[in-house]
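A short write-up of the structure that comes next.
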Amino acid sequence: MYQNTSLNWNDALLLLDGLGTTLFIFVVSFAAGSAIGFVLAIIRERRVPVLAQLAAAYVELFRNSPLLVQLFLLFFGVPSILGIHLTPLAAGLITLAINTGAFMTVIIQAAIEEVPRGQWEAARAFGLGYLATMRHVILPQAVRTMIPPTVSLAVGQLQVSSLVSIVGVVELTKIGTNLNLRTLAPFKIWPIVALGYFIVSKPLSMLADWSEARLKGPAERRGIGTDRLT
Amino acid sequence: MSSSHQDAVDTLLLAGAALAAGGLAVVAPWEVVFAATAVLLAAKAAGRIGPGATAAVALAMALGWLRAADVVRRHEAERADANASMGPPARCSGRARVESSPVRVRDVLRWDAHLDKVSCDGRPLAWRGRATLYGGPDDLARGDEVDVVATLASPQRLWNASSGDPRPAEALRDIVRSGGTLDVRTVRRASGVLSWIDRVRAGVRRRIDATFAVDVAPMARALVLGESDLAPDDDRSFRASGLSHLLAVSGMHLVLVMALAVQALEGLLTRVEQIAARVDAGRIAAAIGVPVAWIYAELAGAGGSTVRAAWMATAALLARALGRRTDATRAFGLSRFQQYRHVILPIAFRFAVRPLGSVFVNLVLTTSVLSTITINDLMSNAENLASETFRPFETYLVVLVLYWLATFAVSAVVNLASALWLRRSADRVAVR
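From first to last, the protein sequence lines are chains A and B. The first sequence: position 177 = 177 (this note's numbering), numbered continuously. To convert, take the position in the second sequence, counting from 1, and add 230; that gives this note's numbering.
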């Protein structure tokens, strides 16, 4: 039998593997969530009948309920009525994507609405269509306002992705749980796991600071239009 | 035992005030002792001063009294010494160093000098000391050394029942001789800030005399240089109308001018990108304001109230320059704790109340995670129910809506509370 109760180098590889899975879940679900958010934000911005109201209900419901409940609903509930089988990984990915999508909808919509109305009118006056206006005029400006809330959402989503370990996805937290059961050394395992999340989320927020500074217009970078420093 | 809810007055501050007040006892011993006793008793009754502080105050007052009495006594001795060595008014020559900013009174210059190497009527004296002299070249300045020939006499002493004891005031001025000069020859011109200021004053005086008519020039000098030697008629009218104070360059003049100057400088510096982007322009302006306040005070004649205002402006501007907020709450004597309780937290909470609300709502959602470490909450009951009924979809859908309702209720309460708070605190604090 396997009786080794102390940590060894294999465990380090296991944890790294788990970190890789966590990253994979995070990146895929966040990308999918952003796509959902983008589409819904445009639907809500254009006030498409019915669809806009449905999007509002979706946003309201998924922003104001726990991720764990959403996960259980999807992993246990949906297969039971649809008669399909969902792997833990698929359930985790979909739940996180849907959850992220609800938050991203709000962020993107707010950022688009932040762009002054005159920008729309000017673009229209130049003969740009809706999509061209969006792509060349509105989004480049909206991205600036989007970045800070998006990054704090990303950091948050990276951390709540640990919840998918509950339905059996073998990622960083799940491997931490397993190692903890084997070694009975929680004070060694959990700080290491926490460090794993930290080394991903810290560069993320640093990236946010950097990109925020870079995306500022040249005028703002020169100090014009900044608040008085008193 | 001092009560904890009220703050003890700072002992050091109290002792300093007592040291200064003790000096007054030379002039009015009974009044000072009576007032000090009354203040101490009142402070003691309010529980704001302990026995140690009382002792420190009494000691400091006694020290101040003794020191003032000693100064008066020494001045009297000097005066007696000067009278003994010089006797009746005599024509004397000597080396003088200008020690006060020369002031024009009527048509002559008045200045204080430290006299040395004095010889009177051809007889050299060992005496040296301070004298007030009248007359001399227009551009005299502090620090100048001059050869002087003057008629020196003991300054007149006006002492009757209604004037009170003049000795303390004389000791304060520290003058033992006075007289008009017959000849003043500059030996060495001083260089330095003070002498520069005096020469600027002399220049301004010259320009005023050249610009204004004879009858209005004194008024202009009063307004600009603080020299209040008005023509007798004008003086009488100003006194009669109670407006004499307008003529003196007072503390309020200084504070108004400094506030305007510092604000203007700050406004100017803020418009220079290279400065405004790097540092707090207000601090630079305040730092520059401190020496400017003193230079202005000196230029305006350095009257008592001007100097006091310059000290106050120095304290306020230094606080700003050092990056400390000049603090209204401290000025009102609030303790650190009271500041937080009554001023800082109410303002800070106005900014914090909305983010705090959303954190609070989020916390309601996060509690569901507790079910994984077997805490019996809504979520863990839902798990049990789902496994008993084999109806996970319906169960979790209901739970989803329940959580949504919970956050809805919580955020409604949070919004209401914050709206109430903001409205209530809007009456009490003004947010910059």
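C-beta atoms are modelled at their ideal positions from N, C-alpha and C, and glycine is treated no differently.
- Residues of the stretch 624-637 of chain B that bring their beta carbon within less than 7 Å of a beta carbon in chain A comprise Tyr626, Leu627, Val629, Leu630, Tyr633, Trp634, Thr637, in sequence order.
- Note that the C-beta distance between Asp346(B) and Ser330(B) is not below 8 Å.
- Residue-level contact by beta carbon holds for Ile81(A) and chain B, with a gap shorter than 8 Å.
- The beta-carbon distance between Asp428(B) and Ala371(B), rounded to whole angstroms, is 3 Å. This is short enough to meet the 8 Å contact definition.
- Around Pro385(B), the same chain offers Thr362, Glu400, Ile405, Val406, Arg407, Ser408 as residues with beta carbons nearer than 8 Å, after the five sequence neighbours per side are excluded.
- Here the alpha carbons of Gly18(A) and Gly587(B) stand approximately 35 Å from one another.
- Taking a 10 Å sphere around the C-beta of Ser393(B), we find fewer than 16 other C-beta atoms and assign the residue as exposed.
- Between Leu339(B) and Gly373(B), the CB-CB gap reaches or exceeds 8 Å.
- The residue among Ile438(B), Val376(B), Ser315(B), Ala515(B) with its C-alpha nearest the C-alpha of Arg353(B) is Ser315(B).
- Classified as buried, Phe72(A) has 16 or more neighbouring CB atoms from the shown chains inside 10 Å of its CB.
- Taking the beta carbon of Ala371(B) as reference, no residue of chain A falls within 9 Å; the closest one sits roughly 39 Å away.
- When only Cα atoms are considered, Leu89(A) and Ile25(A) end up about 8 Å apart.
- Under a criterion of Cβ atoms nearer than 7 Å, no residue of chain A is adjacent to Val643(B); the nearest Cβ is some 14 Å distant.
- Measuring C-alpha to C-alpha distances from Pro203(A) to each of Val151(A), Ile175(A), Ser165(A) identifies Val151(A) as the nearest.
- The beta carbon of Gly101(A) is closer than 6 Å to those of Gly33, Ile36, Gly37 in its chain, skipping five residues each way along the sequence.
- For Leu363(B), the enclosing beta strand (DSSP E) covers residues 359-364.
- Chain-ordered listing is empty here: chain A has no CB closer than 8 Å to the CB of Thr284(B), the nearest sitting near 44 Å.
- Minimum Cα-Cα distance from Pro332(B) among the listed residues Leu293(B), Ala266(B), Gly533(B), Thr267(B) corresponds to Gly533(B).
- Within 7 Å of the CB of Thr604(B), no CB atom of chain A is found; the nearest one sits about 13 Å away.
- Not a single CB atom of chain B sits nearer than 8 Å to the CB of Gly129(A).
- Under the three-state reduction of DSSP output, Arg278(B) falls in the coil class, being neither helix nor strand.
- Contact annotation: Phe590(B) and Val644(B) have beta-carbon atoms nearer than 8 Å.
- In the DSSP annotation of this structure, Val164(A) is not part of any alpha helix (DSSP H), being labelled neither H nor E.
- Secondary structure note for Leu82(A): it is in no beta strand (DSSP E), and the uninterrupted alpha helix (DSSP H) holding it is 78-82.
- Under DSSP, Pro354(B) forms a beta bridge with Ser349(B).
- Annotated three-state conformation of Ser408(B) is strand, per DSSP.
- Look at the beta carbons and you see the stretch 135-142 of chain A touching the stretch 115-122 of chain A: at least three pairs across the two are nearer than 8 Å.
- Apart from the 5 residues on each side of it in sequence, Glu212(A) sits with its Cβ closer than 6 Å to the Cβ of Ile147 in its chain, given in chain order.
- In this structure, Ala543(B) lies away from Ala517(B), with their beta-carbon atoms at least 8 Å apart.
- Ala443(B) is classed as exposed because its beta carbon has fewer than 16 other beta carbons within 10 Å across all chains shown.
- In this structure, Val378(B) lies away from Val430(B), with their beta-carbon atoms at least 8 Å apart.
- Residue range 462-471 is occupied by the alpha helix (DSSP H) that includes Asp463(B).
- Between Val348(B) and Cys322(B) a beta carbon distance of about 5 Å is seen, short of the 8 Å cut, so the two are scored as contacting.
- Using a Cβ distance threshold of 8 Å, Val78(A) and Leu67(A) do not count as a contacting pair.
- For the stretch 39-59 of chain A, no residue has a beta-carbon sitting nearer than 8 Å to a beta-carbon of chain B.
- In this structure, Ile81(A) is the residue among Val39(A), Leu16(A), Ile81(A), Gly127(A) with its C-alpha nearest to the C-alpha of Thr625(B).
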